[in-house]
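The UniProt record's numbering applies: residue 1 is where the sequence shown begins, and numbers increase by one.
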Amino acid sequence: MGQPQPEPLTPLAEDWQRALAVVAHPDDLEFGAAAAVARWTGQGKEVVYCLVTSGEAGIDAITPERARVIREEEQRLSARLVGVDTVDFLGLPDGLLEYGVPLRRAITEVIRRHRPDVVITNNFRETWDGAYTLNQADHIATGRAVLDAARDAGNRWIFPEQLTDGVQPWNRVREVWAAASPLARHGVDVTDTFDAGLASLRAHDAYLRGLGDGSFDPEEFLEGISRPAGTRLGVRHGAAFEVFPLGLH
């Protein structure tokens, strides 16, 4: 008896103009979503990155003070390679993020300032595979806070101190998209932009050299993600997303 076939992915809507990507660390977007960003910026859409931390605790052999500088530089280069010019760093502590009001407040401010149609984040489920491969605490806290902040941003009575100097509530986030979720039911064809996404990941050179025994292969890793997603889309390379519709409120 053959193995059950994975459920096909529904193509993501692309009738939008501005997206804000909010993730915990430099490199989070590059582990799968950057090729999709390259596709969208190539269509003339605007994508802004917001990094909640600077990933300063992510390289064992480099002090956090030095790692912060290196990782911010690598993230800016990585973003440019997929057409992203604006990269915000919130400066919260790497490895110590907690879901709660302060994190929601910080992300709400960014959403109100950039006024996106779509907000992108990373998988914030407990695992990466729906079974055994545990997710990391910062990813879970950030994704949960992103989902709430996308709604908080439209309510003028939540964090009203932010509504100064022309900043207004923003209630037009249509959906939140969580990249690489094990519950993904949507996806995007990144066959033509796979190489750009790979270059974007490789730009995190110092971080990648510090992984494990130094044998990490970015191309092999991304192929392992994009090929199965592509199969579910009927294309060579795909990026999968879990979609959370918000509607207008």
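The C-beta atom is built at its ideal place from N, Cα and C for all residues, glycine as well.
Backbone CA spacing between residue i and residue j [nearest angstrom]
i, j, result
"A206", "E73", "10 Å"
"V110", "F31", "23 Å"
"residue 253", "T191", "Nothing can be reported for residue 253: it is not among the residues displayed for the chain, which extend from 1 to 249."
"T244", "A79", "Just to set this straight, residue 244 is Phe in the shown sequence, not Thr. Taking the straight line from one Cα to the other gives about 25 Å."
"Y99", "L92", "12 Å"
"A125", "D152", "Sequence check: residue 125 is Arg here, not Ala. The straight-line gap from Cα to Cα measures roughly 21 Å."
"A131", "Q162", "40 Å"
"residue 254", "R68", "Nothing about residue 254 can be read from this structure; the chain reaches only from 1 to 249."
"A19", "G44", "12 Å"
"A229", "G187", "7 Å"
"A178", "A38", "17 Å"
"H249", "V176", "Caution applies to H249, whose pLDDT of 44 falls short of 50 and renders its modelled position unreliable; the value that the coordinates give is listed next. Roughly 14 Å separates the two Cα atoms."
"R113", "V167", "7 Å"
"V48", "A21", "6 Å"
"V235", "D189", "7 Å"
"S200", "R174", "27 Å"
"V82", "A203", "11 Å"
"D28", "D88", "14 Å"
Cβ distance (whole Å) where residue i is taken to contact residue j below 8 Å
i, j, result
"D138", "T53", "7 Å"
"G55", "D94", "6 Å"
"L233", "L9", "5 Å"
"G238", "S226", "6 Å"
"S181", "E223", "Not quite, the Cβ-Cβ distance comes to about 19 Å (not below 8 Å), so this is no contact."
"L97", "T142", "6 Å"
"R104", "D148", "5 Å"
"F194", "A35", "5 Å"
"G123", "V23", "Reading off the sequence, residue 123 comes out as Asn, not Gly. No, N123 and V23 are not in contact; Cβ-Cβ is about 10 Å, not under 8 Å."
Residue i - partner residues in DSSP beta bridges
i, result
"E186", "With the sequence shown as reference, residue 186 is identified as His, and Glu is not the correct amino acid for it. Answer is T10, F241, bridged to H186."
"L201", "In the DSSP output, where bridge partners are listed per residue, L201 has none listed."
"W177", "I120, V243"
"E46", "R18"
"L29", "Per DSSP, none; premise fails for L29."
"T127", "L134"
"V23", "L51"
Local conformation of residue i per DSSP, three classes
i, result
"L147", "helix"
"F221", "helix"
"V167", "coil"
"L211", "coil"
"R172", "coil"
"Q5", "coil"
"G234", "coil"
"F194", "helix"
"W157", "coil"
"R115", "coil"
"H249", "Confidence in H249 is poor, its pLDDT being 44 and thus under 50, which makes the residue's placement too unreliable to answer from."
* To do: Output the residue ranges of the alpha helix (DSSP H) runs that lie fully inside the region 48-112 and measure 4 residues or longer, sorted by chain position.
  => Annotation: the region 48-112 contains the following complete segments of the alpha helix (DSSP H) (minimum length 4 residues), in chain order: 64-80.
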